[in-house]
Amino acid sequence: MQYFLLLSLFVLSASACNQNDDNVPLNPPPMTVDTTEVTPDPEPDSLVLIWSDEFDGNSLDTDSWNVRTGDGCPNLCGWGNNEKQIYTDTSHRIANGMLTITITKEGQSYRSTRINTQGKREYRYGRIETRAKLPIGEGIWPAFWMLGGNIDRVGWPACGEIDILEYVGKLPGQVFTSLHHPANHAGNAISKITPAPDIEEGFHTYAVEWDAERISFYLDGERVFVYAPDSKGPDNWPYNQPFYIILNVAVGGNFGGPAIDDSIFPQAYVIDYVRVYEYQ
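Position 257 of the sequence shown, counting from 1, maps to 317 under my numbering, and the rest follow consecutively.
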């Protein structure tokens, strides 16, 4: 699953890094980087599938995924971003080859799911991809993102953060991709807003391709954003190490809220697969 004012919009990134992603504040709006002159990415046939979760069977693969629970307290209540949901271990299910995260309101509480691959499946470089159908409505904030595996040792933003997908229900028809590191994080993150008028309809693919030189983001197979600084160091390139994957849906918060339309619940974030490819 961090932001402020960007292009007259209030944006917040789906994450940040503290001791682990249980303690990751989600901060506000970033700057957009012009990458039109960046050379093409390596050819797709140089990528080989090395791991996937196709969500077959009837339960989450706990050899690959951790389930996070609670409201982020006592360290960062509201998950560091004034979010309203409580993460549970009962708000998701595996059926018909899909992972479905169901977001509900029960009394005064919102329930959702947050899972990650920390300590189990961490990757440096390659292509990380999901195919998913988004929940929609004001107050909803689904994400597909990554944090540096050294987060427990160096904290955030030194660990680095790669936000492959963030969708904010109050801002329909667009998706957000962002990067956070010491030189650019929270309200100064490297970010791109991509118009996507049909994003609320059906399934779409979201991916990042990443090597020692650049990080490229893709929506439905089209490259929409590239980060490739000429000079790289710890302040702007903590991306030369393994990262782990996170899937979650927040409710409200500094980016998703403050308003929440309670009439939209329940909502579902439906994930067809998560796949990881390695460069050969």
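The beta carbon of each residue, even a glycine, is placed where N, CA and C say it ideally should be.
Give me the Cα-Cα distance between Glu338 and Gly167, rounded to the nearest whole angstrom. Cα to Cα, the separation comes out at about 45 Å.
Run the CB neighbour count on Thr129, radius 10 Å, all protein chains shown included, and call it buried at 16 or more, exposed below. Within 10 angstroms of the beta-carbon of Thr129 lie fewer than 16 other beta-carbons, which makes it exposed.
Would you decide whether Leu109 is buried or exposed? Buried here means 16 or more other CB atoms lie within 10 Å of its CB. Exposed is the call here.
Unbroken stretches of the alpha helix (DSSP H), 4 residues or longer, contained in the stretch 193-278: Listed in chain order, the complete alpha helix (DSSP H) runs (minimum 4 residues) inside the stretch 193-278 are 211-214.
Taking the Cβ atom as the reference point for each residue, do Gly220 and Ala256 lie within a distance shorter than 8 Å? Against a cut-off of 8 Å, the Cβ pair of Ala256 and Gly220 comes out as no contact.
Flag this pair as yes or no: are the beta carbons of Val334 and Ser112 separated by less than 8 Å? Going by C-beta atoms, Val334 is nearer than 8 Å to Ser112.
Separation of Leu120 from Thr173, as counted between CA atoms: If I take the Cα positions, the gap works out to 12 Å.
Below 6 Å CB to CB, which residues in the same chain sit around Met206 once its five sequence neighbours on both sides are set aside? For Met206, where only same-chain residues beyond five positions count, the Cβ hits under 6 Å are Ile222, Phe303, Ile305.
In DSSP terms, what Thr190 is bridged to: Residue pairing by DSSP puts Thr190 in a beta bridge opposite Tyr266, Val334.
Does the beta-carbon distance from Ala243 to Asn210 come in below 8 Å? Not closer than 8 Å, so no.
My output table needs one value for Ser112: the three-state DSSP class, helix, strand or coil. Reduced to three states, the DSSP call for Ser112 is strand.
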